[in-house]
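**Student:** For the sequence shown, the numbering used here begins at 46 and goes up steadily by one. Each residue gets a CB set at the ideal place from its N, CA and C atoms; glycine is no exception.
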Amino acid sequence: MLTEEEIALFCALKREVPARSLDRLIEIAEALGHIEAGKAKRSTVHRALQGQDLSARRPRQASNEDLDRFEAGFPNELWQSDMLEGPLLPDPEKRGGQRRAYLYTFLDDHSRMCLHGRFSFRGDLPALELVYRRSLQKYGKPARVYYDNGAVYRSRHMRHIVACLGIHGIVFTKAYRPMGHGKIETFCS
46 MLTEEEIALF CALKREVPAR SLDRLIEIAE ALGHIEAGKA KRSTVHRALQ GQDLSARRPR
106 QASNEDLDRF EAGFPNELWQ SDMLEGPLLP DPEKRGGQRR AYLYTFLDDH SRMCLHGRFS
166 FRGDLPALEL VYRRSLQKYG KPARVYYDNG AVYRSRHMRH IVACLGIHGI VFTKAYRPMG
226 HGKIETFCS
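(1) If you count every other CB in all the chains shown that lies within 10 Å of the CB of S88, and 16 or more means buried, which is it?
(2) Let's see if you can read the secondary structure: which residues bound the beta strand (DSSP E) around R140?
(3) Would you say the beta carbon of E174 comes nearer than 7 angstroms to a heavy atom of the ligand FAD?
(4) Is D153 helix, strand or coil by DSSP?
(5) Could you check whether the stretch 120-130 touches the stretch 183-190, counting it as contact only if at least three pairs of C-beta atoms, one from each stretch, sit closer than 8 angstroms?
(6) Which one of K219, H91, G78 and Y149 has the shortest CA to CA distance from H161?
(7) Checking 8 angstroms against the spacing of the C-beta atoms, do C56 and Q95 come in under that value?
(8) Looking only at its own chain, which residues have a Cβ that is under 7 angstroms from the Cβ of L67, when we skip the five neighbours before and after it?
(9) Can you tell me whether DSSP reads A214 as helix, strand or coil?
(10) Between the stretch 143-157 and the stretch 209-218, are three or more C-beta pairs nearer than 8 angstroms?
(11) What's the call for L54, buried or exposed, on a 16-neighbour Cβ count within 10 Å?
(12) Out of P132, M158 and E138, state which residue places its alpha-carbon closest to the alpha-carbon of F232.
(13) Would you give the residue range spanned by the beta strand (DSSP E) that R65 belongs to?
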């Protein structure tokens, strides 16, 4: 528990430089000797700052800089992939139950052709690998791949597969600001 003086110190440090992170505030307070090392926890400092209306994230300015129209120059130059939530379907393992289906798909950016897609009850790495394998078997390998920011795409195993195939330049979407313009979503709708 923080004392009133310690809370006031954190508030003053935050007002001084509003961009300071919680970790930096704690680090400064400990370095100045105003609080013993390890006493202040991030969650406690966050609640204290919230109580003083000092912890709200500043809204980012909207930008259209990455939303220009883009299309790969030729087929197989760039493949895009995403996982979309599909419909609720009857659960084959549980009578009367329902499960969410997930769609993994690969799309050629130049032609907008669906290379391969598949629904699965699991949004996991083996489901993605199967769709990727089928796409490679049908159309060869792309020069680059453009992935969603999901954990399965960022997995070490997917990076290893791409590296073994000699595909250069994995591109990931920016978090909360995808640059793919919803091409897969548009294709599937």
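**Tutor:** Well, looking at it:
(1) exposed
(2) No beta strand (DSSP E) contains R140, which DSSP labels as neither H nor E.
(3) Because no ligand of any kind appears in the structure shown, any question about the ligand FAD cannot be addressed here.
(4) strand
(5) yes
(6) Y149
(7) no
(8) R87, V90 and H91
(9) As written in the sequence, residue 214 is Gly, which differs from the Ala given in the question. Looking at G214 - three-state DSSP - the assignment turns out to be coil, as it is neither helix nor strand.
(10) no
(11) buried
(12) M158
(13) First-last for R65: undefined, no H or E at that position.
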